[in-house]
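Residues in the sequence shown are numbered from 132 upward in steps of one, following my numbering. Note sheet for the following structure.
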Amino acid sequence: MADNRSVTYPRSHLVDRHNGGCYHCISRCVRQAWLCGQATHAGPSFEHRSAWLEERILVLARVFAVDVYAYAVMSNHYHVVVHVRPEQARGWCDLDVARRWMRVCSARTLHGEDERIHAFAEDAERIARCRERLGNLSWFMRFINEPMARIANREDERTGRFWDGRFRSIALLDESALLACVAYVDLNPVRAGIADSPERSRGTSVRHRVKNRKEDALTAIGTSTSLIPVSLEGYLEILRWIIASESDRGLTAPASVETVLKQSGRSSADWVSWMRSQRLKRRAYGNAQTVQDYTASIGQFWVKQ
């Protein structure tokens, strides 16, 4: 694990914009601002924002070259786990790039939109710029955060910043790191005491998966692609074991769970340690070699495993 400490690195150093990769991103509201839920017993409810934010993540996942593996919308922050695939955007035709970009930039369908899309597709410089953005993590997060900030400020009758600085991004360097992070994110409402089970956790990817089950593989949401060799049922069993093990630290993992975890390269004991360390500030998670390679690539040479 690469330690975050207090040094701020440019996003371009932390995220490989040419080759992409998997990242855990967190955006948090400024002090006293509420993303969703109810600030006080008699105060206004912002629960509708959770539904909007969840839908926004799912819409952008269909537009950007970004696969979404997990998300959780909490009262004053949200998490999203993604696989950024700039090589996918490089394979799109110019017309497809134009359609995708206009889908997220146009508030409504306009008369003559086909003509506008074709004119857009003929502008090579603009297409190249938008193609790069459609495979870029910062632009994906920007298209989530900026509209949400405008909506919230309008509802709260406030001006100024809604988000507390830039979003945090944590690199996930192998499939076991990805699986551990997906589980950590899906369990946020249970851990916070606002849901009694993963399947009943509103504003989470695990609830969306269970409600919209189409296949048993743990794929990126809305796709048939997966970097995680685990079935949905196997994943739910892992989540239940994690919940139980947090209250009983001596609890042994069932044989079925141990088998799945070992397939991802980690024992149940490693997993318990990893799940706890997710709450610490790290720049990257992975095995020793991948973390060392990553930290060297951003000019950091102190690594904590």
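Positions of the beta carbon are idealized from the N, C-alpha and C atoms, including for glycine. Computed from a predicted model, the values in this text were never measured in an experiment.
Pairwise C-alpha distance: residue j and residue i
i	j	result
Glu253	Arg247	10 Å
Ile359	Ala348	8 Å
Val337	Gln394	21 Å
Ile275	Arg187	7 Å
Glu244	Leu265	20 Å
Arg136	Gly324	Unreliable placement is indicated for Arg136, whose pLDDT of 48 sits below 50; the coordinate value is still reported in the next sentence. In a straight line, the C-alpha of Arg136 is about 29 Å away from that of Gly324.
Ala229	Gly222	13 Å
Asp305	Tyr366	17 Å
Val321	Glu330	10 Å
Ala220	Val213	15 Å
Leu191	Tyr200	13 Å
Ala302	Asp227	29 Å
Pro217	Ala280	26 Å
Tyr315	Arg371	12 Å
Glu364	Leu392	14 Å
Cys153	Ala386	29 Å
Tyr425	Met233	35 Å
Met406	Asp225	42 Å
Met261	Ile157	According to the sequence as given, residue 261 is Cys; it is not Met. Distance between the alpha carbons of Cys261 and Ile157: 24 Å.
Arg333	Val313	16 Å
Val146	Arg299	11 Å
Ser408	Asn150	27 Å
Arg378	Val403	At residue 378 the sequence reads Ser, which differs from the Arg that was named. Going from the Cα of Ser378 to the Cα of Val403 covers about 12 Å.
Ser206	Ala255	42 Å
Arg257	Ser237	16 Å
Thr290	Leu310	38 Å
Val72	Thr390	This structure gives no information on residue 72, because the portion of the chain shown stretches from 132 to 436.
Asn343	Ser357	17 Å
Ser181	Gly353	19 Å
Ala384	Ala419	24 Å
Ser362	Ala351	12 Å
Glu277	Glu288	16 Å
Limits of the alpha helix (DSSP H) - the one that residue i falls within
i	result
Leu265	255-265
Leu184	178-194
Cys224	Here Cys224 belongs to no alpha helix (DSSP H), and DSSP marks it neither H nor E.
Thr390	386-394
Asp245	244-252
Arg289	Element bounds for Arg289: n/a, residue is neither H nor E.
According to DSSP, residues forming a beta bridge with residue i
i	result
Asp401	DSSP output for Asp401 lists no bridge partner at all.
Ala348	Ser362
Cys312	According to DSSP, which records beta bridges pairwise, Cys312 is partnered with nothing at all.
Val211	Cys156, Tyr202
Thr335	Ala203
Ala302	Tyr154, Ala415
Trp232	None, per the DSSP bridge assignment.
Trp294	Cys160
Buried/exposed call for residue i, threshold 16 Cβ in 10 Å
i	result
Gly430	exposed
Ser398	exposed
Ala203	buried
Ala415	buried
Pro175	exposed
Glu185	buried
Gly417	buried
Cys160	buried
His249	exposed
Arg292	exposed
Arg231	buried
Gly381	exposed
Asp317	buried
Thr335	buried
Ala259	exposed
His179	exposed
Asn267	buried
Arg297	exposed
Ser307	buried
Start-to-end residues for the beta strand (DSSP E) that takes in residue i
i	result
Asp198	197-204
Ile157	152-159
Ala326	Ala326 -> no beta strand (DSSP E), and no H or E assigned at all.
Distance cut-off 7 Å: residue i Cβ against heavy atoms of the ligand GDP
i	result
His214	With respect to the ligand GDP, the structure offers nothing, as it holds no ligand at all.
Contact belief for residue i with residue j at Cβ below 8 Å, rounded distance in angstroms
i	j	result
Val215	Val197	5 Å
Leu166	His208	7 Å
Val388	Ile369	6 Å
Phe177	Phe271	With 8 Å as the limit, Phe177 and Phe271 do not qualify as a contact, their Cβ atoms being about 23 Å apart.
Residue-chain proximity (residue i, chain C), Cβ-Cβ < 8 Å
i	result
Ser158	This model lacks chain C altogether; it includes just one protein chain.
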